[in-house]
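Colleague:
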Amino acid sequence: MKLLEKAERIRIYIGEDDKFDGQPLADAIVREARKMGLAGATVYRGLMGFGANSLIHTSKILRLSEDLPVVVEVVDHPEKLLPLLDKLDTMLKEGMVTKEAVDVIAYRHSRMNEK
Numbered sequence: 000m001k002l003l004e005k006a007e008r009i010r011i012y013i014g015e016d017d018k019f020d021g022q023p024l025a026d027a028i029v030r031e032a033r034k035m036g037l038a039g040a041t042v043y044r045g046l047m048g049f050g051a052n053s054l055i056h057t058s059k060i061l062r063l064s065e066d067l068p069v070v071v072e073v074v075d076h077p078e079k080l081l082p083l084l085d086k087l088d089t090m091l092k093e094g095m096v097t098k099e100a101v102d103v104i105a106y107r108h109s110r111m112n113e114k
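As numbered in numbering that gives the first Met the number 0, residues 0 to 114 make up the sequence shown, in order.
This is how it looks when you write it as C-alpha cells:
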C-alpha cells in the first residue's frame, strides 16, 4: 500500500478498562481499523494520566493497573479515516478523539513469502 506524503493521524484517548461489545475497546478499535483496510494502528499504554473527570490513573505500586490510560493511533488518508471516525462515535462512551495532519516520510512492509 502506498500513502501520499500528506495524511492524517487520529488519536483515541481511552482507559484500558473501557469495553465495546464485551472486548477491550482498544482491541475493538484496532480490529475495526484493520477490517476497514486502513494503513495501520498502534496502541500505547500510559503510565499515568487524567481526563475530563480529573481522576488521576496511575501505575504506582499501591494502585497497580488502575484503569491506565491508553492511546490508539491510526494514520491514513483523510477520506479513508472518515468511516472509522463515524464508527468511533458509536464505540466510545468516554474518552477523546483528536485528528491532525501528518507528513508520511516512509511506509514500508515486507511480505512473508518474498525472498
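Cβ coordinates follow ideal geometry from the N, Cα and C atoms, glycine included.
Assign Gly14 to one of two classes, buried (16 or more other C-beta atoms within 10 Å of its C-beta) or exposed (fewer than that).
Modeller: Taking the first residue of the sequence shown as position 1, residue 14 is located at position 15. Its Cβ being crowded by 16 or more others within 10 Å, Gly14 is buried.
Colleague: Determine the direct distance from the alpha carbon of Ile28 to that of Gly39, and round the result to whole angstroms.
Modeller: The residue labelled residue 39 in the question sits at position 40 within the sequence shown. The residue labelled residue 28 in the question sits at position 29 within the sequence shown. If I take the Cα positions, the gap works out to 11 Å.
Colleague: Determine the direct distance from the alpha carbon of Arg44 to that of Gly50, and round the result to whole angstroms.
Modeller: The residue given as residue 50 occupies position 51 in the sequence shown. The residue given as residue 44 occupies position 45 in the sequence shown. Answer to the nearest angstrom: the Cα atoms are 15 Å apart.
Colleague: Cα separation between Leu171 and Leu81?
Modeller: Given that the chain is displayed from residue 0 to residue 114, the structure contains no residue 171 and the question cannot be resolved.
Colleague: On the DSSP bridge assignment, give the partners of Asp102 in chain order.
Modeller: As a first step, residue 102 must be located in the sequence shown, where it is residue number 103. For Asp102, which the question treats as bridged, DSSP gives the partners Lys5.
Colleague: Could you have a look at Ile28 and say whether DSSP puts it in helix, strand or coil?
Modeller: Against the sequence shown, residue 28 aligns to sequence position 29. Note: Ile28 maps to helix in three-state DSSP.
Colleague: Where does Lys18 sit, in a helix, a strand or coil, going by DSSP?
Modeller: To locate residue 18, count along the sequence shown from 1; it is residue 19. Strand at Lys18.
Colleague: Rounded to whole angstroms, how far is the Cβ of Val115 from the Cβ of Leu83, which I believe are closer than 8 Å?
Modeller: It is not possible to answer for residue 115, since the shown part of the chain is limited to 0 through 114.
Colleague: Which residue's Cα is closest to the Cα of Asp102: Glu31, Lys34, Asp88, Asp75?
Modeller: Taking the sequence shown and counting its residues from 1, one reaches residue 102 at position 103. Among Glu31, Lys34, Asp88, Asp75, the Cα nearest to that of Asp102 is on Asp75.
Colleague: Run through DSSP, which three-state label would Glu65 get?
Modeller: The sequence position of residue 65 within the sequence shown is 66, counting from 1. Glu65 falls in the coil class under three-state DSSP.
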